[in-house]
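A.B. asks: Residue numbers (our numbering), protein chains in the order written: chain A, 1 to 238; chain B, 1 to 325. No residue lacks a Cβ here, since even glycine has one placed at the ideal position from N, Cα and C. Being a predicted model, the structure only gives us computed values, none of them experimental.
(1) Do residue 186(A) and residue 133(A) come within 9 Å of each other at the CB atom, strictly closer than that value?
(2) Let me know the secondary structure DSSP gives residue 141(B) once reduced to three states.
(3) According to DSSP, is residue 149(A) part of a helix, a strand, or is it coil?
(4) Going straight from the alpha carbon of residue 22(B) to that of residue 79(B), what length do you get?
(5) Going by beta carbon distance, what residues of the same chain come within less than 6 Å of residue 225(A), once the five residues before and after it are set aside?
(6) Indicate the three-state DSSP secondary structure (helix, strand or coil) for residue 322(B) in the structure shown.
(7) If you draw a straight line from the alpha carbon of residue 64(A) to that of residue 69(B), how long is it in whole angstroms?
(8) Roughly how many whole angstroms lie between the Cα atoms of residue 87(B) and residue 223(B)?
(9) Just by C-beta distance, which residues in the stretch 148-175 of chain A are closer than 7 Å to chain B?
(10) In terms of residue numbering, what span does the beta strand (DSSP E) encompassing residue 298(B) cover?
(11) Look up residue 47(A) in the DSSP assignment and say whether it is helix, strand or coil.
(12) If you follow the alpha helix (DSSP H) that residue 134(B) is part of, which residue opens it and which one closes it?
(13) Taking residue 82(B) as part of the alpha helix (DSSP H), name the residues at either end of that continuous run.
(14) Quick one, are the C-beta atoms of residue 122(B) and residue 147(A) less than 9 Å apart?
(15) Mind listing the chain B neighbours of residue 140(A)? Cutoff is C-beta to C-beta under 8 Å, in chain order.
(16) At the 9 Å Cβ level, is residue 132(A) part of the contact set with chain B, yes or no?
(17) Check residue 195(A) in the structure and name its three-state DSSP category.
(18) Would you say residue 71(B) reaches chain A, if we count a Cβ-Cβ gap shorter than 9 Å as a contact?
(19) Report the rounded CA-to-CA distance for residue 188(B) versus residue 198(B), giving the unit in angstroms.
(20) When DSSP labels each residue in this structure, what does residue 11(B) get in the three-state scheme?
(21) Determine the burial state of residue 248(A): buried for a count of at least 16 other Cβ atoms within 10 Å of its Cβ, exposed for fewer.
(22) Give me whichever residues DSSP pairs with residue 290(B) in a beta bridge.
(23) Report the option in 4(A), 23(A), 27(A), 43(A) whose CA atom is closest to the CA atom of residue 196(A).
(24) Evaluate residue 68(A) with the Cβ neighbour count: other Cβ atoms within 10 Å of its Cβ, from every protein chain shown; 16 or more gives buried, anything less gives exposed.
(25) How should residue 172(A) be labelled, buried or exposed, when 16 other C-beta atoms within 10 angstroms of its C-beta is the threshold for buried?
(26) How should residue 203(A) be labelled, buried or exposed, when 16 other C-beta atoms within 10 angstroms of its C-beta is the threshold for buried?
(27) Examine the Cβ distances between the stretch 108-117 of chain B and the stretch 57-73 of chain B and report whether three or more of them are shorter than 8 Å.
(28) Flag this pair as touching only if the stretch 246-255 of chain B and the stretch 270-277 of chain B have three or more C-beta atom pairs under 8 Å; answer yes or no.
(29) What residues of chain A sit near residue 100(B), judged by a beta carbon separation below 7 Å?
(30) If you check the beta carbons only, do residue 59(A) and residue 88(A) fall under 9 Å apart?
(31) According to the neighbour-count rule (16 or more other Cβ atoms, all chains shown, within 10 Å of its Cβ), is residue 49(A) buried or exposed?
(32) Which parts of the stretch 111-137 of chain A are runs of the alpha helix (DSSP H), unbroken and 4 residues or longer, counting only runs that do not cross its ends?
(33) Nearest CA to the CA of residue 74(A): which residue from 12(A), 142(A), 15(A), 114(A)?
(34) Alpha carbons only, please: which of 128(A), 119(A), 40(A) is nearest the one belonging to residue 80(A)?
(35) Tell whether a beta-carbon distance below 9 Å holds between residue 145(B) and residue 93(B).
(36) Kindly say whether residue 144(A), judged by its beta-carbon, lies nearer than 9 Å to any beta-carbon of chain B.
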C-alpha cells in the first residue's frame, strides 16, 4: 500500500519539477538561448530522447527475454554461459565505442543510436530473466509437471508469473540506464536531450547545459516510475 | 492396478538406482515403498507418472504400458503429492486446488463446488481458507492443500512422495490419521514413499522394502514383514522393536480368554490393540487384565494369551504365504 501511495505522488512531483526547470530556463534567457530552449524545442528533444529509449529497450526486451527463457530450458542450459558472455561484452564495451562501431555500418541517425543503446541494455534484461526463472522453486515446477502441465503451460502459468518481479527489475534497470546513455545519441546525430548538453558545453551556455542535464535526470525518474507502475498494475490484475 | 515388470533404472554408468523391480499394487490398496535413502523408492514412484523413464522393463496401469500414454494426459489422471508440497505461491488455495480441473477444462461452477468439497475433506473450512495464500498457511495446512490438489480431478491413482516428511511429529500423526480416514472412504490405489518404517507399517496395506541399490527385499503385508522378515536386511531395517510393533497390529480380541476374570484394576476393550493390553497388564497388580465391552465382562487377557496370539498370527502369516504362492 505504501508502494501504491509512492506511485501516486511521484508523477505530481516530477511534473512540478519539470515545469520549474522550464520556467527557470526561460527566465532572463537571451534571444539565442530562447532559440534553443523554447518550449516546443524542448518538447521535441524530450520526444526524441524518449523514442530512442523506448525503441531500444523494447528491442532489448524482445530479444533478451526469449533468450533468457531459452537459456533456462532443460536441454538448452548450455546456452546460458555463452549468451551471458555476449551480453556482458555488450555491457562492458563503452557505449560511445558501440556507437562509433554502429556508426561505421549504419551511418548517422536514429537507427545507429538505437543499435548502440540496444546492445547496452541486453545484459540487465537477460541476466534478470535467467536469474528470475532459475530462482523458481524446483519443487513448484515438479508439482506443476506432475499434475500434467505441458512445458509451455508450466512456463506460462507458473514459472513466468513467479519470475516476473525479477524480470521487471531488469527491464527497469535497462530503461533507466538507457535514458542516461541516450544523452550520447547526439554524437551520431540522433538528437535527444544530449543535444542541449553539447550545445551548452560548446557555446559555454550553462543555462542550456543545465536544462538538458536536469530534464534528462527527470526523464530517468519518470521512466523508472512508469515501469514500476506498469508492473504493479500487471500484478494486481492477476 | 499398478504393475512393475522387471523395472531397472540406471543413471549414467553407475550402479542401478532401481534393480529389476517386479511387483503389483492391487486397485484400492496402499503400497508403501520403504527403505533407506538410495533404495530407488522415489525413482520407482516417479515411473508411474513418467517423471522418470525406466532404463529397462515397464510399468503398467490396468494392463496398459504407461510409456504408450502421452505423459501430460497420463499425469492429469494421477494425483501427485511431494514432500515440499510445491504449492503455487502466486495463487490462492482455491486456485491451487483447481489446477488440474482447470487443465481439464471443467466449468467454473463445477470447479468451485469441487474445491469446497475437497477442502472439507482435508479438514480445512472452505470459507476461511479458500482465498488464503500458501505463505499464510502452516506446514500441516499446506500439506492438506497439497493432498486436496492431488485429489481434485478424482484420480484413481495417488502418488505420494514422503508426503508427511516435512511436518512436526504431532502434525504428522494427525495427517496420517486423516490419510487413513480419507483412504477408507475413497479407496484409491496409492503408492507412498517413506523412509520411516513406523509410517510404512501404519499406512500400508502392503510394504515394499527396498535396499540400497534398488533391490526389492520383501513385498508383503505389515504383519508379515514384522512376523517374518524375508531377509536379514529387512529384519535389521524393521528393527529390534518389531515384536512390540506387532502388538500394535493385533487386537485384544485376538488374545481374549473368554469367561470370568480374576483381574482387577485397568480394563481394556476388545477393539483395543494388544499394545494397549500389554500396557494395562504392566500397570495392573495381577496377572490378567479384564476385557470389558460396554459394561459387560467378556473375559480377560494374560501374558500367556498375548504370547499365544503372537505365535498364532505368525502361523496365519505362513498360511497366507502358501496361499499367495
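C.D. replies: So, to answer that:
(1) As a position in the first chain, residue 133(A) is number 133, starting the count at 1. As a position in the first chain, residue 186(A) is number 186, starting the count at 1. No, these two residues do not count as a Cβ contact at 9 Å.
(2) Taking the first residue of the second chain as 1, we reach residue 141(B) at position 141. Note: residue 141(B) maps to helix in three-state DSSP.
(3) As a working mapping, residue 149(A) is identified with position 149 in the first chain. The answer is coil: DSSP assigns residue 149(A) none of H, G, I, E or B.
(4) The residue given as residue 22(B) occupies position 22 in the second chain. The residue given as residue 79(B) occupies position 79 in the second chain. Cα to Cα, residue 22(B) sits roughly 22 Å from residue 79(B).
(5) Position 225 of the first chain, counting from 1, holds the residue named residue 225(A). Here the set comprises 10.
(6) One-based indexing of the second chain puts residue 322(B) at position 322. In this prediction, residue 322(B) has a pLDDT of 44, which is less than 50 and means its spatial position is unreliable; nothing more can be read from the coordinates.
(7) In the first chain, the residue the question calls residue 64(A) occupies position 64. In the second chain, the residue the question calls residue 69(B) occupies position 69. Within the model, the alpha-carbon separation for residue 64(A) versus residue 69(B) is close to 36 Å.
(8) Against the second chain, residue 87(B) aligns to sequence position 87. Against the second chain, residue 223(B) aligns to sequence position 223. CA-CA distance, residue 87(B) to residue 223(B), rounds to 36 Å.
(9) Close to chain B, meaning a Cβ-Cβ distance shorter than 7 Å, are the following residues of the stretch 148-175 of chain A: 148, 149, 150, 158, 161, 162.
(10) Working through the second chain from its first residue, we reach residue 298(B) at position 298. In the DSSP assignment, residue 298(B) falls within the beta strand (DSSP E) that extends over 296-302.
(11) Within the first chain, numbered from 1, the residue matching residue 47(A) stands at position 47. In this structure, residue 47(A) counts as helix in the three-state DSSP scheme.
(12) As a working note, residue 134(B) is residue 134 in the second chain. Segment: none, residue 134(B) is in no alpha helix (DSSP H) and carries neither H nor E.
(13) Position 82 of the second chain, counted from the start, is the residue given in the question as residue 82(B). Careful: residue 82(B) lies outside any alpha helix (DSSP H), inside the beta strand (DSSP E) at 78-82.
(14) Numbered from its first residue, the second chain carries residue 122(B) at position 122. Numbered from its first residue, the first chain carries residue 147(A) at position 147. No, these two residues do not count as a Cβ contact at 9 Å.
(15) The residue given as residue 140(A) occupies position 140 in the first chain. Taking the beta carbon of residue 140(A) as reference, the chain B residues within 8 Å of it are 86, 87, 88, 89, listed in sequence order.
(16) Walking along the first chain from the start, residue 132(A) turns up at place 132. So, not an interface residue.
(17) Your numbering for residue 195(A) matches position 195 in the first chain. Residue 195(A) falls in the helix class under three-state DSSP.
(18) Locating residue 71(B) in the second chain gives position 71, where the first residue counts as 1. Interface residue, yes.
(19) Taking the second chain and counting its residues from 1, the one referred to as residue 188(B) is at position 188. Taking the second chain and counting its residues from 1, the one referred to as residue 198(B) is at position 198. Distance between the alpha carbons of residue 188(B) and residue 198(B): 21 Å.
(20) To locate residue 11(B), count along the second chain from 1; it is residue 11. In the three-state reduction of the DSSP assignment, residue 11(B) falls in the coil class.
(21) Here chain A covers residues 1 to 238 and nothing more, so residue 248(A) does not appear.
(22) If you number the second chain from 1, residue 290(B) lands on position 290. Beta-bridge pairing links residue 290(B) to 300(B).
(23) By 1-based counting over the first chain, the position of residue 196(A) is 196. Its Cα nearest to that of residue 196(A), the residue 43(A) stands out among 4(A), 23(A), 27(A), 43(A).
(24) Within the first chain, the letter at position 68 stands for residue 68(A). Residue 68(A) should be labelled buried.
(25) Numbered from its first residue, the first chain carries residue 172(A) at position 172. If you draw a 10 Å sphere on the C-beta of residue 172(A), you find 16 or more other C-beta atoms in it, and that means buried.
(26) Here the question's residue 203(A) lines up with position 203 in the first chain. Residue environment analysis places residue 203(A) among the exposed positions, since fewer than 16 neighbouring C-beta atoms fall within 10 angstroms of its C-beta.
(27) Cβ pair count under 8 Å is below three, so no.
(28) Two segments are said to touch when three or more pairs of C-beta atoms, one from each, lie closer than 8 Å; by this definition the stretch 246-255 of chain B touches the stretch 270-277 of chain B.
(29) For the purposes of this step, residue 100(B) is identified with residue 100 of the second chain, where counting begins at 1. Here the neighbours are 147, 148.
(30) Here residue 59(A) refers to the residue found at position 59 of the first chain. Here residue 88(A) refers to the residue found at position 88 of the first chain. For the 9 Å CB-CB criterion, residue 59(A) and residue 88(A) do not form a contact.
(31) Within the first chain, numbered from 1, the residue matching residue 49(A) stands at position 49. Taking all protein chains in view, the Cβ of residue 49(A) is crowded by 16 or more other Cβ atoms within 10 Å, so the residue is classified as buried.
(32) List check, alpha helix (DSSP H) in window: nothing returned.
(33) For this step, residue 74(A) is matched to residue 74 along the first chain. The residue with the shortest Cα to Cα distance from residue 74(A) is 142(A).
(34) As a working mapping, residue 80(A) is identified with position 80 in the first chain. Considering only 128(A), 119(A), 40(A), the residue with the shortest C-alpha distance to residue 80(A) is 128(A).
(35) Residue numbering aside, residue 145(B) sits at position 145 when the second chain is read from its first letter. Residue numbering aside, residue 93(B) sits at position 93 when the second chain is read from its first letter. Taking 9 Å as the Cβ cut-off, residue 145(B) and residue 93(B) qualify as a contacting pair.
(36) One-based indexing of the first chain puts residue 144(A) at position 144. At a cut-off of 9 Å between beta carbons, residue 144(A) contacts chain B.
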